[in-house]
Each structure stands twice: as C-alpha cells, then as structure tokens.
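J.: Below is the structure I would like to discuss, written out as structure tokens.
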Amino acid sequence: MKGRVEVIIGAQWGDEGKGRVVDCLGSRVDVFARYQGGSNAGHTVIVDGKKYVFHLLPSGMLYPGKLCVIGNGVVVDPEQLLAEIKDLQSKGMDRARLIVSGSAHVVMPYHKIIDKAQEAFRGKGKKIGTTGRGIGPAYVDKFSRCGIRIEDLFHPDVLRDKLEFNLEDKNRILTRLYNLEPLPFDEIHTQAMNWGKELAAYAGDVSRILYEALESGKTVLFEGAQGTLLDIDHGTYPYVTSSSPVAAGGCVGLGLGPNAVDRVIGVVKAYSTRVGEGPFPTEDSGELGNRLREKGGEYGATTGRPRRCGWLDMVGLKYAVRVNGMTSIALTKLDVLSGLDEISVCVAYDFEGGRLDHFTGNAGVLACATPVFERFEGWKDDIAACRNFDDLPSAAKDYVRYIEKETGVPVQLIGVGPGRDETIVRGL
Ligand code: GDP
Ligand code: IMO
Ligand code: MG
-3 MKGRVEVIIG
7 AQWGDEGKGR
17 VVDCLGSRVD
27 VFARYQGGSN
37 AGHTVIVDGK
47 KYVFHLLPSG
57 MLYPGKLCVI
67 GNGVVVDPEQ
77 LLAEIKDLQS
87 KGMDRARLIV
97 SGSAHVVMPY
107 HKIIDKAQEA
117 FRGKGKKIGT
127 TGRGIGPAYV
137 DKFSRCGIRI
147 EDLFHPDVLR
157 DKLEFNLEDK
167 NRILTRLYNL
177 EPLPFDEIHT
187 QAMNWGKELA
197 AYAGDVSRIL
207 YEALESGKTV
217 LFEGAQGTLL
227 DIDHGTYPYV
237 TSSSPVAAGG
247 CVGLGLGPNA
257 VDRVIGVVKA
267 YSTRVGEGPF
277 PTEDSGELGN
287 RLREKGGEYG
297 ATTGRPRRCG
307 WLDMVGLKYA
317 VRVNGMTSIA
327 LTKLDVLSGL
337 DEISVCVAYD
347 FEGGRLDHFT
357 GNAGVLACAT
367 PVFERFEGWK
377 DDIAACRNFD
387 DLPSAAKDYV
397 RYIEKETGVP
407 VQLIGVGPGR
417 DETIVRGL
C-alpha cells in the first residue's frame, strides 16, 4: 500500500502520555484511529495552555480538517461519546471529521451497573479496581454474541429484539445475583433509539475507509488506549482491562491486515505508574512515590484516583518491546525526574530465592517478586526548556542512552513537559 500506518501503544500500565504523543505527531497524520477499549481511557492533550481530556474520541480531534475514526474493536458508550463531541463543539474545537464503525459494540446502562456490582461482590482483595465504565461487561456480551452494535441502533426492530433478550437476561442477573432493581425496557429503548438518531451521521465502514486512505497514500495513526501490561492476554491477568491494547490489537480492532503496519511507537513513562489493583513490583508507597505523584500530577484522567508510582521497570519494558514489536520509543515525563540525587531502574526480580530476568503476566508470581535495582546518577537542572538532546544534563542523556541500550529500541521523542512543543524530537 502507498500509505503508512504507525501504531502508538502504551508500554506500561496506561497513562504513559499516549494522548500527548499522538498530538505531537499529529501534523503529519491524515487519519487518527482508536482501536480498542472505551471510555475507561483518559488521554490528556495540552495545546496553548488549554487542557483537553479524550475518553472515546481519538486525540487527533483538535486537528483541523483531519479524519478521526473509532474502530470495531472499541466499545462505545454513546452517552459519553455524544457528551465529548458536544463539549468540543462548545469550545469550537471539533475540528476533525469523525466516523464510528457500525460494528463497534455499545456500552449499555446495564454494563456499567454490572461492572460496579461485580466489583462490590469481589470486594477488597479480589476487586480489579475498574474504572466502572462498563468495559468488562460490554466485552463479555460481545464475545458471548449477544452484544448490541452501533449499527443496531439504526434499526428499531433489530434493536427492540436484541434489547428485549438482553434485558431479560441482565434483569435476572441484577435482581437475583446482586439484589438490585430491574431496569425498565421502555426507558432504555427510547434512550438507545435517540442515540441512534444522533449517531447516524457518524457511522461508517471504518475498515474500508482506512484501506482506501492507505491506497491513496495517506498516513494513518492507530491510537492505543490502556497499556501492554493491562492487555487481556499479555497483561497481569486478572488485573487487566478486557481488550487488546498491544499493537496487534490495532489490526483486529480496525479491520486491516498486519502487513499494513510500518512502525510501532511505544510510549514509555520515565518511571512507572499504575491505577487500580494488581501487582506492581517497583511501587514505592513512601516518599519517592509521593514525590513522583505530586510532581508528575499522577491522578487518573478518568476517575481522579491517585496513581500508584515507582521506578522504571526494565523487565516489563523489554517484555513490552517484544509483545508489541516496538520500533521506536517516545519517552515521556523525563522532566519529572529532575532534582533527584539518584534514579533507580529495576533490572530483574528476586523470586523465591532465585532471579527472574523475564517478565511474567502471572499476577501471583509478580506479587511476590521484589525488584533488583540498578542505580544511576540524577540531575538537578530543570530540563523543561531543552529542545535538543545535547541540551540535556549529561546524567539525563545517560539515562536515555541506557534505555536504548537495554531495549535495543531508539528513543526518538522525549517529553520534557506536557505541552505540544515541550519535546525533544530525535527522528520520530
Ligand atoms: P495517556 O492516557 O497515556 O494519554 O496519559 P494521561 O493523559 O492519562 O496521563 C499523562 C499525563 O502526563 C497527562 O496529564 C499529560 O498532560 C502529562 N504529560 C505527558 N507527557 C508529559 C511530559 O513529558 N512531562 C510532563 N510533565 N507531563 C507530561
Ligand atoms: P489510558 O488509555 C490506566 C485500569 C483500571 C483497572 C483496569 C481494568 O488513559 O491509559 P477497566 O475499567 O478497563 O475494566 O479497568 O484497567 N485502566 C487504566 N489504567 N489508564 C487507562 O487508560 C486505563 N483504563 C483502564 O484502573 O485497573
Ligand atoms: Mg490516561
């Protein structure tokens, strides 16, 4: 094909700064495409000092005249999507054209209720710490083949039929398993019909649109949500999300073949964060963790929850390089590490008296793994104004070179602040 596909994925547990990297590369992109997840995502973009947080919309929506698509692999909460569109419209920033795949599944009100009820049932110790956005239950319905798709919202008879079946099933779950009130058919049916009316203008065949864009030489950017270690197959199961954030998920979630992909850009935060439950070997619950959280503004863009923080985990990063076929690294938030005397990186784990050199998605093993750290000299200077690699203090350069050496992947973009221009570009 004449065009190019670049995939942007999160290399850790999400919130690596994918939205801002998408935005940084936006001027050379023609089509921005979300391929998985739903409104559990929170992608922050700061342009001219104004902050925008995207949950379902691709982060390219701020670029005038470009095309943004939501693929079949995404689970779409119409209420959230319409609210996001309206919010951008009210700010005069809905500058791109939007297409939503008719095959994308709809997050229904009962999915959100079941998500929260299941979490409450799991209780402390077993809960996942989900965002409560109905993501897991929506994907369950997709895979158990009873889900409602965007295109069903345009056909009253199909919608009625599917909703009747689903509500009978879900109301049994709500009342008998969780002691909750049943949901009224008429109200949900009317709401879904209204969504259909509002969304009809946006529906389209995303796979074909992308294929044709590539045939005509356009550049398409797949925007991953969540991160590799939250992947349903490759993450720290069961403390994961219910989709495939890894790069290969982009082809399935948009309807293109794997040979379409030219480049896989892994977004790597200069340290680690995680929000929700699950093992996190380098987590620091003390002073360092607090410092990273405050300086890095590490509070969830979707739920506002404080993010757990700790040092970079090279074992996890090498794994992310492997399972994504990563060809470039965009290293974000290097500025947050400024001012530390020393910086540590986890290079292996101690586990049951032995040494683990390779990452495992086995949550039980990871929960008992303690990090083996290698220490690096820190740097004092503020680096926010640096725009060239050579402007960085030598200890910061060493840190970047170390990451390149260990992963074998070039660091081609460095974030030194959250704004669009606060980057050092090295060939990306
Ligand atoms: P995403 O979900 O991967 O898009 O990341 P989030 O938007 O949830 O979280 C990343 C946060 O870090 C946002 O508040 C960004 O504005 C901010 N951010 C991204 N890159 C940088 C950077 O290089 N430096 C600093 N200081 N903040 C950054
Ligand atoms: P972005 O795209 C960080 C986490 C939740 C929870 C687990 C499952 O902004 O990086 P879910 O609601 O998906 O069923 O929750 O996944 N999680 C995220 N963590 N960033 C995200 O998205 C996340 N989306 C889900 O906290 O641990
Ligand atoms: Mg986020």
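The numbering used here puts the last residue of the sequence shown at 424; the count rises by one with no breaks.
Every residue gets a Cβ at the ideal spot worked out from N, C-alpha and C, and that includes glycine.
1. To the nearest angstrom, how far is it from the Cα of ALA344 to the Cα of GLY262?
2. Since GLY34 contacts VAL49 with CB under 8 Å, what's their CB separation in whole angstroms?
3. Report all residues for which the CB-ligand distance to some heavy atom of the ligand MG is below 5 Å; order them along the chain.
4. Please report how far the alpha carbon of ASP377 lies from the alpha carbon of ARG383, in whole angstroms.
5. At what residues does the alpha helix (DSSP H) containing ILE109 begin and finish?
6. Below 7 Å, is the gap between the Cβ of GLY33 and the nearest heavy atom of the ligand GDP?
7. Counting only the same chain and skipping the five closest in sequence on each side, list residues whose C-beta sits under 6 Å from that of VAL396.
8. Note the first and the last residue of the continuous beta strand (DSSP E) segment covering THR419.
9. Using the C-alpha atoms, what's the distance from LYS158 back to ALA409?
10. Can you give the Cα-Cα distance for THR127 and LEU226, rounded to whole angstroms?
11. What ranges does the alpha helix (DSSP H) occupy inside the region 288 to 350, keeping only unbroken runs of at least 4 residues that lie completely in it?
12. Looking at the secondary structure, which residues open and close the alpha helix (DSSP H) in which PHE181 lies?
13. Using the DSSP secondary-structure output, state which residues sit across from VAL102 in a beta bridge.
14. Quick one: is GLU290 buried, meaning 16 or more other Cβ sit within 10 Å of its Cβ, or exposed?
15. Pairing CB atoms from the region 191 to 208 with CB atoms from the region 83 to 92, are three or more of them under 8 Å?
16. Report back the beta-carbon spacing between ALA7 and LEU313 to the nearest angstrom; my notes put them in contact at under 8 Å.
17. Any heavy atom of the ligand IMO inside 7 Å of the beta-carbon of LEU226?
T.: Let me lay it out:
1. The residue labelled residue 344 in the question sits at position 348 within the sequence shown. The residue labelled residue 262 in the question sits at position 266 within the sequence shown. Roughly 21 Å separates the two Cα atoms.
2. Position 38 of the sequence shown, counting from 1, holds the residue named residue 34. Position 53 of the sequence shown, counting from 1, holds the residue named residue 49. 15 Å between Cβ atoms; not a contact.
3. ASP11, GLY38, ALA297
4. Counted from its first residue, the sequence shown places residue 377 at position 381. Counted from its first residue, the sequence shown places residue 383 at position 387. C-alpha separation (whole angstroms): 14 Å.
5. One-based indexing of the sequence shown puts residue 109 at position 113. Here the alpha helix (DSSP H) through ILE109 covers 105 to 118.
6. Locating residue 33 in the sequence shown gives position 37, where the first residue counts as 1. Taking 7 Å as the cut-off, the C-beta of GLY33 does not count as close to any heavy atom of the ligand GDP.
7. Locating residue 396 in the sequence shown gives position 400, where the first residue counts as 1. Same-chain partners within the cutoff: VAL407.
8. Your numbering for residue 419 matches position 423 in the sequence shown. DSSP places THR419 in the uninterrupted beta strand (DSSP E) bounded by 419 to 421.
9. The residue you call residue 409 lines up with position 413 of the sequence shown. The residue you call residue 158 lines up with position 162 of the sequence shown. Here the sequence assigns Leu to residue 409, which means Ala is not the residue at that position. Rounded to whole angstroms, LEU409 to LYS158 spans 47 Å at the Cα level.
10. Start at 1 with the first residue of the sequence shown, and residue 127 comes out as number 131. Start at 1 with the first residue of the sequence shown, and residue 226 comes out as number 230. Using only the alpha carbons, I get a separation of about 13 Å.
11. 310 to 320
12. The count along the sequence shown starts at 1 and reaches residue 181 at position 185. 181 to 195 is the span of the alpha helix (DSSP H), which, as asked, contains PHE181.
13. Numbered from 1 along the sequence shown, position 106 holds the residue referred to as residue 102. Per DSSP, VAL72.
14. For the purposes of this step, residue 290 is taken as residue 294 along the sequence shown, with counting starting at 1. When all chains shown are included, GLU290 counts as exposed.
15. The region 191 to 208 and the region 83 to 92 do not touch, with fewer than 3 CB-CB distances between them shorter than 8 Å.
16. To locate residue 7, count along the sequence shown from 1; it is residue 11. To locate residue 313, count along the sequence shown from 1; it is residue 317. Yes, ALA7 and LEU313 are in contact; Cβ-Cβ is about 6 Å, under 8 Å.
17. Taking the first residue of the sequence shown as 1, we reach residue 226 at position 230. Checking the Cβ of LEU226 against the ligand IMO gives yes.
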